[in-house]
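Position in the sequence shown counted from 1, then plus 236, gives you the numbering used here.
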Amino acid sequence: MPTDHVSLAHSNRCNTVFWVAYIIDRDFSTLVGAPSSIRDEDITTKLPSEIDDSMNAAAMTLQIRLSRLTATILTGVYGVDRNFDGSLLRETQSVLHKLAAVCRDLTSYLGTTLHGTNIKTSKLATRLILSYHHCVVLTTRPLVIEMEEFSPWGLLGSDGNFAISPNEILNLTEGLNMEEFLLRE
237 MPTDHVSLAH SNRCNTVFWV AYIIDRDFST LVGAPSSIRD EDITTKLPSE
287 IDDSMNAAAM TLQIRLSRLT ATILTGVYGV DRNFDGSLLR ETQSVLHKLA
337 AVCRDLTSYL GTTLHGTNIK TSKLATRLIL SYHHCVVLTT RPLVIEMEEF
387 SPWGLLGSDG NFAISPNEIL NLTEGLNMEE FLLRE
């Protein structure tokens, strides 16, 4: 709400209520697999970090970015009009690029804003980290399922044990530059 119609405190409160409703809408959309009721193109409300320099405003802005990514994942990676023409890989890579940017901002936020706070017990940090990892899981799950279909026994060997041990996977990934994979276009 513009401050010329109401007080600054009331305007900030309305802004916070809107963004909380937005985050909840995205979370419930993810849980039930339904489209979001609020389209990002229709939003003209300023982000909390554009109004306030507080730690909570920065955290809410990060949460909003993660919520937007969740909606992007649902429409892009899990879209109903999936053509199986290689677009899954492109969409996944695009979302992973965005997640890498959020990861840098999240790391910066946790390192500077919460400096001196015990991050392990901070509810704010926990919420942001869990939301980030939720986006990673949502993004990569279709690729893991796709990879499982290429193997005759999926990720499991014929004896029911993992075909590749976690240590072997770690050894394989040590030589890979993960950031190069994420930033490749």
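All C-beta atoms, glycine included, are put in the ideal place defined by N, C-alpha and C.
Return helix, strand or coil for residue i, following the three-state DSSP convention.
i	result
H369	helix
G269	coil
S323	helix
G263	Here residue 263 turns out to be Asp, not Gly, going by the sequence shown. Residue state, collapsed to three classes: helix.
S290	coil
K282	coil
R340	helix
R275	coil
T349	coil
Y258	helix
S243	coil
V313	coil
S358	coil
Pull up the distance between the alpha-carbon of residue i and that of residue j, whole angstroms please.
i	j	result
K334	D240	36 Å
A245	C371	33 Å
G269	L310	8 Å
T306	S243	33 Å
I279	V253	14 Å
Y314	L283	27 Å
A361	R377	24 Å
L267	S323	24 Å
E277	V331	18 Å
L366	I300	14 Å
S285	G347	17 Å
L364	G312	22 Å
Applying the criterion that 16 or more other CB atoms from any shown protein chain within 10 Å of the CB defines a buried residue, is residue i buried or exposed?
i	result
A257	exposed
I260	exposed
E327	buried
V373	exposed
V380	exposed
R340	exposed
Does the beta-carbon distance from residue i to residue j come in below 8 Å?
i	j	result
L325	L298	no
A295	I287	no
Y368	L302	yes
T281	N251	yes
M291	T349	yes
Touch check for the region 331-345 and the region 265-277: three-plus C-beta pairs under 8 Å? no
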